[in-house]
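**Student:**
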Amino acid sequence: MGLIGTEASYIQQLQQLLPPGPAFDLELQPDVAQTMAALAPELGRADGNGEALLLELNPATATVLLPVWEGYLGLPAVCVVPGSQTLEERRAAVIDKLTATGAPQLSYYRKLGVQSGIPIQIEEFRPARVGVASVGDFLYGAAWPWSWIASAPAEAYGTEAAATLDCRLQRDAPEYTDVVLGFGKDVVEGIALQVDKLFNAIHYVVPAAVSGIEDL
Numbered sequence: 767m768g769l770i771g772t773e774a775s776y777i778q779q780l781q782q783l784l785p786p787g788p789a790f791d792l793e794l795q796p797d798v799a800q801t802m803a804a805l806a807p808e809l810g811r812a813d814g815n816g817e818a819l820l821l822e823l824n825p826a827t828a829t830v831l832l833p834v835w836e837g838y839l840g841l842p843a844v845c846v847v848p849g850s851q852t853l854e855e856r857r858a859a860v861i862d863k864l865t866a867t868g869a870p871q872l873s874y875y876r877k878l879g880v881q882s883g884i885p886i887q888i889e890e891f892r893p894a895r896v897g898v899a900s901v902g903d904f905l906y907g908a909a910w911p912w913s914w915i916a917s918a919p920a921e922a923y924g925t926e927a928a929a930t931l932d933c934r935l936q937r938d939a940p941e942y943t944d945v946v947l948g949f950g951k952d953v954v955e956g957i958a959l960q961v962d963k964l965f966n967a968i969h970y971v972v973p974a975a976v977s978g979i980e981d982l
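Residues 767 to 982 in the numbering used here are what the sequence shown lists, from first letter to last.
Written out as structure tokens, the structure reads:
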């Protein structure tokens with residue numbers, strides 16, 4: 767490793783700036799040598815801070831100036847517990863806020879789930895219409911198009927991540943809509959499927975089998 771960036775290199779550079787002659791000879795003048803030795807670490811620190819400043823200009827690598835970025839963007843958000851985010855999560859939040867464009871779409875709300883560590887499915891509704899609705903469909907009223915459900919896995923219920931996600935959904939959803947964070951849709955659908963199979967077995971398979979026995 768060379769002398770560049772070390773205390774010795776700064777002492778050498780300072781010595782080169784001194785006038786020639788015995789009055790500034792470091793070997794003959796210990797006071798001057800001590801002054802050079804005291805100045806060298808501070809020059810190194812200032813030089814190092816100059817290089818570090820380049821990292822602070824990018825929120826992806828900022829550390830010291832990260833609170834400045836957050837203050838400018840209104841972060842951390844009200845849905846985040848103070849001190850709960852890691853350094854990388856704070857940087858990611860700044861970048862997301864800086865790069866966000868356009869009106870929120872379904873993909874945006876799904877991304878909120880990914881950021882919270884909870885994958886969600888968005889389910890929208892429409893009022894029942896003759897010719898569109900099929901037998902067995904729910905008969906949703908006129909207000910249902912303004913409501914939607916974000917379905918999360920059942921195991922996410924009651925977690926801090928779920929509370930944060932629910933807060934962010936409520937905050938970012940359009941004011942004219944009503945959003946609900948639901949849990950365990952896959953479980954409910956699985957139960958419903960089993961019930962349908964049981965209903966079919968009781969009302970169709972079993973009677974058909976019994977009637978077949980009578981024909982023997």
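The beta-carbon is built from N, C-alpha and C at its ideal position, and this holds for glycine as well.
When you compare the CB positions of Ser913 and Thr943, do they come within less than 8 angstroms of one another, or not?
**Tutor:** Yes, the Cβ-Cβ distance between Ser913 and Thr943 is below 8 angstroms.
**Student:** Looking only at its chain, what residues have a beta carbon closer than 6 angstroms to the beta carbon of Ile777, apart from the 5 residues adjacent to it on each side?
**Tutor:** Once the five neighbours on either side are set aside, the close Cβ partners of Ile777 are Met802, Ala806.
**Student:** From the DSSP output, read off the bridge partner residues of Leu947.
**Tutor:** In the DSSP output, where bridge partners are listed per residue, Leu947 has Ala916.
**Student:** From Thr865, Leu792, Pro788, Ala922, pick the residue whose C-alpha is nearest to that of Pro825; which is it?
**Tutor:** Looking at the Cα atoms, Thr865 is the closest of the given residues.
**Student:** Does the pairing of the stretch 926-935 with the stretch 874-894 give three or more beta-carbon distances under 8 angstroms?
**Tutor:** In short, these stretches touch, since the Cβ pair count reaches three.
**Student:** From what residue to what residue does the alpha helix (DSSP H) around Gln781 run?
**Tutor:** Looking at the DSSP string, the run of the alpha helix (DSSP H) that includes Gln781 is 773-783.
**Student:** Going by C-alpha distance, which of Gln881, Leu841, Leu819, Glu890 is nearest Val946?
**Tutor:** Per the Cα distances, Glu890.
**Student:** Leaving out five residues on either side along the sequence, give the residues of the same chain with a beta carbon under 6 angstroms from the beta carbon of Leu784.
**Tutor:** Phe790.
**Student:** Exposed or buried, Leu769, counting other C-beta atoms within 10 Å across all chains shown (16 or more means buried)?
**Tutor:** Only weak support is given to the placement of Leu769: the predicted model assigns it a pLDDT of 39, under 50, and the question is left unresolved by the model.
**Student:** Any idea what DSSP makes of Ile888, helix, strand or coil?
**Tutor:** Looking at Ile888 - three-state DSSP - the assignment turns out to be strand.
**Student:** Which of helix, strand or coil does DSSP assign to Val880?
**Tutor:** Note: Val880 maps to helix in three-state DSSP.
**Student:** For the alpha helix (DSSP H) holding Trp835, just list the boundary residues, first then last.
**Tutor:** Residues 832-839.
**Student:** If contact is defined by three or more beta carbon pairs under 8 angstroms, each pair taking one atom from either stretch, is the stretch 844-851 in contact with the stretch 867-876?
**Tutor:** No, they do not touch.
**Student:** Can you tell me whether Leu931 is buried or exposed? The criterion is at least 16 other CB atoms within 10 Å of its CB, across all chains shown.
**Tutor:** Under this definition Leu931 is a buried residue.
**Student:** What does the alpha-carbon distance come out to for the pair Pro833 and Glu955?
**Tutor:** If you take the alpha carbons of Pro833 and Glu955, they lie about 45 angstroms apart.
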